[in-house]
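Residue -17 is where the sequence shown starts when you use this note's numbering, and the numbers rise one by one after that.
C-beta atoms are modelled at their ideal positions from N, C-alpha and C, and glycine is treated no differently.
Shown next, in structure tokens, is the structure this report addresses.
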Amino acid sequence: MSATGMTTDSGRGKQWRAVAAASIGNALEWFDFIVFGFFAGTIAGLFFPTGNETVSLLLTFATFGITFFVRPLGAIVLGAYADRHGRKAAFVLTILLMMVGTGIIAVTPSYATIGVFAPILMVVARLLQGISAGAEFGSAMAFLAEQNAARRGFFASWQFASQGLTTILVTIVGFVLTSTLTPAEMSAWGWRVPFFLGLLIGPVAYYIRRHVDETPEFRAIKTSERPLQEALAGAKSRLVVAFGAAVLCTVGMYTILFMPTYATRQLGLPAAGAFAAGFLSGVIQLALIPVVGALSDRIGRLPVAFASAIAVLVTIHPLFWWLTASPSVETLLMVEAIIGLLLAGYMGGLGALLADLFPTRMRTTGLSISYSFAVTIFGGFAPFINAWLIGATNNNLAPSFYLMLAAALSLAALVAARKLGIK
-17 MSATGMTTDS
-7 GRGKQWRAVA
3 AASIGNALEW
13 FDFIVFGFFA
23 GTIAGLFFPT
33 GNETVSLLLT
43 FATFGITFFV
53 RPLGAIVLGA
63 YADRHGRKAA
73 FVLTILLMMV
83 GTGIIAVTPS
93 YATIGVFAPI
103 LMVVARLLQG
113 ISAGAEFGSA
123 MAFLAEQNAA
133 RRGFFASWQF
143 ASQGLTTILV
153 TIVGFVLTST
163 LTPAEMSAWG
173 WRVPFFLGLL
183 IGPVAYYIRR
193 HVDETPEFRA
203 IKTSERPLQE
213 ALAGAKSRLV
223 VAFGAAVLCT
233 VGMYTILFMP
243 TYATRQLGLP
253 AAGAFAAGFL
263 SGVIQLALIP
273 VVGALSDRIG
283 RLPVAFASAI
293 AVLVTIHPLF
303 WWLTASPSVE
313 TLLMVEAIIG
323 LLLAGYMGGL
333 GALLADLFPT
343 RMRTTGLSIS
353 YSFAVTIFGG
363 FAPFINAWLI
373 GATNNNLAPS
383 FYLMLAAALS
393 LAALVAARKL
403 GIK
């Protein structure tokens, strides 16, 4: 083999190690973050007892959503840190913050034991996780997107594909626990198991991230001393477009997170079946998002994203109507599989599209701010909004209306992205 060939193989090996570091670390971090929502029903009664089951659940989803208020803080502070000191430095820090928050949740006694301090500690833990998550997306996405400019779509897609891996991990844990434990055991200790698992695998993610190289693109530039000011002063329109393009992605992901609660409470389906449907959706996303990402390197970022967003807008209401008219595990599996397919089509090239909107010197800042505000305003409160809409309208189709709104907003953003030269 020639020296050139050896260099090429070595470079490819580093790129794949980078994918593994960002994807596995991102999946493990989001595992800690998202598992809270999957066990919202159990946590509601333990930490937010009000005498009203619906109010307790809404308070729990509000605690889940409140973390998104501090995501912009994490995005601003740690996003700028990543543009000054490197992507690697930032996402090593994010995993540490997430582990602290997860540890607090894992060991905090319930309301029955320590009273009002229980929900207070729960909120503090979620705030720490929110700060961490605010920077995680931007630093991980920039790290992946900068591995190979010619294959930016493929490499960047692994950020979203790893969220599919998160869904798989969480649903496996949820399925095993709900299938093997009684409701009393779940309330007593079973719901804590996923958080302790997160604590066990957290050091693995930290080790992996500590032993990867900084991206070639970042090493090649002169860093900005004020990436935040540059982004706010010179990239306002790009921030708005990135924000809008991320809306459908984040609402879709957090609607999938809401589905186990929806399936058990609104449709009366068994929890194990609901977790199985979430697992299927995660498998589809993990398998197809990188394929669509690679396709976007050939045909452009926008064509598949446009088609997928339009498909969500047109089909999501009939899908929910079908599910409510024929509530069964089989129908739920098919509906979540279709939703997972549509979201995979939308998210496959989205990472590269967002990364292409910002120059390297302010990329993490731009990605972090736009995505964190999209999640804060639209995604994080999706479970809360869906639960509230169902209660206020007495209509189990309400989640479809929110997804249709998200699809319409993202379609407008895609049109604007085309005007900015994204193809």
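Check whether the region 388 to 399 touches the region 282 to 290, counting contact only when three or more Cβ pairs, one atom from each stretch, lie closer than 8 Å.
-> yes
Counting along the chain, where does the alpha helix (DSSP H) carrying A213 start and finish?
-> P209 to G216
For N8, name the three-state secondary structure that DSSP assigns.
-> helix
Please state if the CB of V74 and the CB of R192 are separated by a distance shorter than 8 Å.
-> yes
Would you say the region 297 to 314 touches the region 381 to 389, given that touching needs at least three Cβ pairs under 8 Å?
-> yes
Residues near R133 in its chain [Cβ-Cβ closer than 6 Å; skip 5 each side] | D279
P381, enclosing alpha helix (DSSP H) - first and last residue | A380 to K401
Cβ distance (whole Å) where T84 is taken to contact G264 below 8 Å = Not confirmed; about 20 Å, so no contact.
Quick one: residues in its chain with C-beta nearer than 7 Å to the C-beta of Q129, no 5 flanking neighbours on either side, listed in chain order?
-> Q(-3), A0, F137 and T197
Below 8 Å on the Cβ atoms is my guess for A388 versus L315; work out the distance and round it to an integer in Å.
-> Not confirmed; about 23 Å, so no contact.
Run the CB neighbour count on R343, radius 10 Å, all protein chains shown included, and call it buried at 16 or more, exposed below.
-> buried
Is there contact between the region 47 to 67 and the region 101 to 120, where contact requires at least three CB pairs shorter than 8 Å?
-> yes
Quick one, are the C-beta atoms of V240 and N368 less than 8 Å apart?
-> Sequence inspection shows Phe at residue 240; the Val mentioned does not correspond to that position. Their beta carbons are under 8 Å apart, which means F240 touches N368 by this criterion.
What separation, rounded to the nearest whole angstrom, lies between the Cα atoms of G61 and L336?
-> 15 Å
Cα-Cα separation between G(-13) and V194, rounded to whole angstroms = Since pLDDT at G(-13) reaches only 41, below the 50 mark, its modelled position is unreliable, and no value is offered.
With DSSP collapsed to three states, give me the class of L249.
-> coil
Where P365 falls, given that 16 or more other Cβ within 10 Å makes a residue buried | buried
How would you label A166, buried or exposed, when you count the other beta carbons within 10 angstroms and need 16 or more for buried?
-> exposed
Within its chain, find whatever has a CB closer than 7 Å to the CB of A181; leave out the 5 residues flanking it on each side and keep chain order.
-> Residue 181 is actually Leu in this sequence, not Ala. M81, T84, G85 and A88, listed in sequence order.
Return the chain-ordered list of same chain residues with a C-beta closer than 7 Å to the C-beta of I150, the five sequence neighbours on each side being excluded.
-> F261, G264, V265 and L268
Where S354 falls: helix, strand or coil (DSSP) = helix
E212 versus L221 - alpha carbon distance = 12 Å
For S121, is the classification buried or exposed, using 16 other Cβ atoms within 10 angstroms of its Cβ as the cut-off for buried?
-> buried
Residue of A334, E318 and G68 minimising C-alpha distance to A202 = G68
Considering only residues of the same chain and omitting the five flanking positions on each side of F407, which have a CB-CB separation below 7 Å?
-> Here the chain has residues from -17 to 405 only, and residue 407 is not among them.
Pick helix, strand or coil for T164, following the three-state DSSP scheme.
-> coil
Is the CB-CB distance between I271 and F142 below 8 Å?
-> yes
Beta-carbon spacing of T243, G23 below 8 Å = yes
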